[in-house]
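To start, the structure itself, in structure tokens.
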């Protein structure tokens, strides 16, 4: 055995700058769950590629350790800073996109967000969802159809939004009425829906923690453009989690969490007919069946 | 403007699965610190590449958010779980390698570890560092030289190790004497050093938290092979942070934090001459000057 071969043999299992990925991943045991093994090997590969390409310094590594620690330590039952971090780095939207590839014509998904609450009241079509007397009233309406434009009956439309001050009811439990700006509507045979809410307003994500610091250092603002949340479930169709965004909002092209898609920008028309609502927003939702993907 | 061009123009700033990296990185402001901008752009690129290659599911993303949150929340003044995570994924060693590229012949770096304490007593050559009466005594000795074998005078050798039970003094402040198995030695004109400690023992990294869970799921043990820590500083030379590892240790090729390098495995010879120590370990340290890199 010449010296080079001897050296190679002796170094099996020893970490070097060049073999770092292989050495770490070779350490996994033989009975690791295959999916876990695949995801972790992929993580190590890209994590090391990052450190290598950035030529990360020791000080930067220490800063990152401190940043991640602070991010974990600010989390509470009501605040999830790692979700904010994922959102503001575009990871949440990417994972959403990867898991919701739909054919052209189907309504696109966007991020779920942290403010949905299961169990909102089922209301009758045309009912109000806003009960704090604030904001500019808006009639929302449209149809739920399949890709061929046929109405979907029995679609369960779960809708939620912030109030005129930019807060969801769960953020102000002592101020807002329970289930303010929330409701569930179930379509009939015609697939139509309608309800009266308010024209939502843009608001900042919580920016008094590590993620807010990061945004400030990156020269980014923390605002989300005004949007209505929808989750639509119907038997035989893919679940749709999406928003509609208020046309003309100044943050449409700079959403702090990258949630906007062009097809989700909805018209908000001023109503000047002396009726009950100041605005009207029409939007049709197109559901895809489980096998309808791209 | 044809439809494709119009669509492209309209989508500037909107996130898609394909343009995710560019969209996120284009959001940075114009006056971002150049190094921060470079590191963050690189992070986003590799983070997205990971999610894309792994086709990360929504459930896996949620698990990761929970895992990172638990990792942050178990951290205290005495415990740094994110460092353990970095260590066990090989990231710490990679960053160490990137930042300490030395020419052949210079002693290699390895991870600093969390147990160094600044301010250990300066002792005379040949002095003891172990004061709890436990373990197998060992005489450590050798030389500190430059790459040409010339002795380095005034090198400050900071040494620390666990005790025979596998704990550092700072982990057992009520049990071990202060500065147990620690000391600082300063070389004279001949570059020699020597001190009496114990033959160190292998020990597990803390494995009762998220990182321990991860290791268990990956079929990995939490042990580090027995090692002595050294930090050697001398004017006109690169700082050397390293270990020597006990020859023959069963964990040499499976160190939980990947710290072992072949050149750092030191001989530990049994002494049968009726002297004061049971073992003897000789190891020469070779320092590189700041401009001596590869």
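Chains as they are written, first to last, in the working numbering: chain L, 1 to 294; chain P, 1001 to 1294.
Ideal placement from N, C-alpha and C gives every residue a C-beta, glycine not left out.
Residue i vs residue j beta-carbon contact at 8 angstroms
i, j, result
"residue 1091(P)", "residue 51(L)", "yes"
"residue 24(L)", "residue 120(L)", "no"
"residue 226(L)", "residue 103(L)", "no"
"residue 220(L)", "residue 1125(P)", "no"
"residue 1256(P)", "residue 1280(P)", "no"
"residue 1154(P)", "residue 1234(P)", "yes"
"residue 210(L)", "residue 222(L)", "no"
"residue 1187(P)", "residue 1152(P)", "yes"
"residue 56(L)", "residue 71(L)", "no"
"residue 206(L)", "residue 79(L)", "yes"
"residue 1286(P)", "residue 1105(P)", "yes"
"residue 1077(P)", "residue 73(L)", "no"
"residue 1069(P)", "residue 268(L)", "no"
"residue 1197(P)", "residue 1181(P)", "yes"
"residue 1042(P)", "residue 54(L)", "yes"
"residue 290(L)", "residue 246(L)", "no"
"residue 1253(P)", "residue 1170(P)", "no"
"residue 145(L)", "residue 282(L)", "no"
"residue 262(L)", "residue 1014(P)", "yes"
"residue 1216(P)", "residue 1244(P)", "no"
Three-way DSSP call (helix, strand, coil) for residue i in this model
i, result
"residue 1002(P)", "Unreliable positioning characterises residue 1002(P) in this predicted model, as indicated by a pLDDT of 47, which lies under 50. A coordinate reading is not provided."
"residue 86(L)", "helix"
"residue 1186(P)", "strand"
"residue 230(L)", "strand"
"residue 9(L)", "In this predicted model, residue 9(L) has a pLDDT of only 44, less than 50, meaning its place in the structure is not dependable; the value taken from the coordinates is given anyway. Three-state DSSP puts residue 9(L) in a helix."
"residue 1112(P)", "coil"
"residue 63(L)", "helix"
"residue 144(L)", "strand"
"residue 24(L)", "helix"
"residue 204(L)", "strand"
"residue 1050(P)", "helix"
"residue 1122(P)", "strand"
"residue 1044(P)", "helix"
"residue 286(L)", "strand"
"residue 246(L)", "strand"
"residue 1036(P)", "helix"
"residue 102(L)", "coil"
"residue 262(L)", "helix"
"residue 1255(P)", "coil"
"residue 1210(P)", "helix"
"residue 92(L)", "helix"
"residue 58(L)", "helix"
"residue 1068(P)", "helix"
"residue 1172(P)", "coil"
"residue 80(L)", "coil"
"residue 1215(P)", "helix"
Counterpart residues of residue i in DSSP-defined beta bridges
i, result
"residue 155(L)", "None, per the DSSP bridge assignment."
"residue 128(L)", "196(L)"
"residue 1269(P)", "1280(P)"
"residue 137(L)", "198(L)"
"residue 240(L)", "232(L)"
"residue 223(L)", "204(L)"
"residue 1160(P)", "1182(P), 1229(P)"
Whole-number beta carbon distance between residue j and residue i, since they are thought to touch under 8 angstroms
i, j, result
"residue 163(L)", "residue 132(L)", "6 angstroms"
"residue 1099(P)", "residue 58(L)", "5 angstroms"
"residue 1139(P)", "residue 1194(P)", "7 angstroms"
"residue 251(L)", "residue 202(L)", "5 angstroms"
"residue 1276(P)", "residue 1130(P)", "Contact doesn't hold; Cβ gap of about 12 angstroms is too wide."
"residue 1089(P)", "residue 1292(P)", "With 8 angstroms as the limit, residue 1089(P) and residue 1292(P) do not qualify as a contact, their Cβ atoms being about 30 angstroms apart."
"residue 39(L)", "residue 1017(P)", "With a Cβ gap of about 19 angstroms, residue 39(L) and residue 1017(P) do not count as contacting."
contact_flag[the segment 37-46 of chain L, the segment 56-74 of chain L] where n(CB pairs < 8 angstroms) is 3 or more: Touching, no, given that fewer than three Cβ pairs across the two stretches are closer than 8 angstroms.
Validate contact between the segment 226-242 of chain L and the segment 100-114 of chain L using beta carbons, cut 8 angstroms, 3 pairs: The segment 226-242 of chain L, when compared against the segment 100-114 of chain L, does touch it at the 8 angstroms Cβ threshold.
Inter-stretch contact (C-beta, 8 angstroms, three-pair minimum) for the segment 93-108 of chain L and the segment 252-267 of chain L: Segment contact: the segment 93-108 of chain L against the segment 252-267 of chain L, three or more CB-CB distances shorter than 8 angstroms; contact assigned.
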